[in-house]
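*Asks:* Take a look at the following structure, please.
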Amino acid sequence: QVQLVESGGGLVQPGGSLSLSCAASGFIFSGYPMAWYRQAPGMERVLVASISSTGGSTNYSGSVKGRFTISRDNAKSTVYLQMNSLKYEDTAVYFCKSPELHTWGQGTQVTVSS
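Take 708 as the starting number for the sequence shown in my numbering and just add one per residue.
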């Protein structure tokens, strides 16, 4: 079955950086687009960034464009999210998922605080 395991979250000061990873299994990873989503306390889960199956095309929400970078390694069945210049409002649980599949991972907590 489809499994997604996110890692790399933690506590970081404003302006800092974190790198998230999502290891996928149970499906042909290279055939699916992938995306990162986040859910802040009391808020809906929203799309942060997406990447095509080959990695040749990426898209970002306006709130993270220029600060976050999504990438993937199809040989490792892993998608990454490099987060730079982090802000308080980036605090959330971050999830990875393919937009074409129904399974969510457990998420990884990112907290931006001084």
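Just so you know, even glycine gets a beta-carbon here, dropped at the ideal spot from N, CA and C.
Computed from a predicted structure; not experimentally measured.
Using only the heavy atoms of the ligand GTP, determine whether one of them is closer than 7 Å to the beta carbon of isoleucine 758.
*Replies:* This structure does not include the ligand GTP; it has no bound ligands of any sort.
*Asks:* Look at tyrosine 787 and valine 819 and say whether their C-beta atoms are less than 8 Å apart.
*Replies:* The answer is no: Cβ separation not under 8 Å.
*Asks:* Does the Cβ of leucine 718 have 16 or more other Cβ atoms within 10 Å, making it buried, or fewer, making it exposed?
*Replies:* Leucine 718 comes out exposed.
*Asks:* Report all residues from its chain with a CB closer than 8 Å to the CB of serine 650; omit the five preceding and five following residues, and keep chain order.
*Replies:* With the chain covering only 708 through 821, there is no way to say anything about residue 650.
*Asks:* Let's see if you can read the secondary structure: which residues bound the beta strand (DSSP E) around glycine 717?
*Replies:* Segment 717-719, the beta strand (DSSP E) holding glycine 717.
*Asks:* By DSSP's criteria, glutamate 713 is part of a beta bridge. Which residues make up the other side?
*Replies:* For glutamate 713, which the question treats as bridged, DSSP gives the partners Cys729.
*Asks:* Does DSSP classify phenylalanine 775 as helix, strand or coil?
*Replies:* In this structure, phenylalanine 775 counts as strand in the three-state DSSP scheme.
*Asks:* Quick check on DSSP: helix, strand or coil for tyrosine 795?
*Replies:* It is helical.
*Asks:* How many Å lie between serine 784 and proline 721 at the Cα?
*Replies:* Cα to Cα, the separation comes out at about 30 Å.
*Asks:* Let me know the secondary structure DSSP gives phenylalanine 802 once reduced to three states.
*Replies:* Three-state result, phenylalanine 802: strand.
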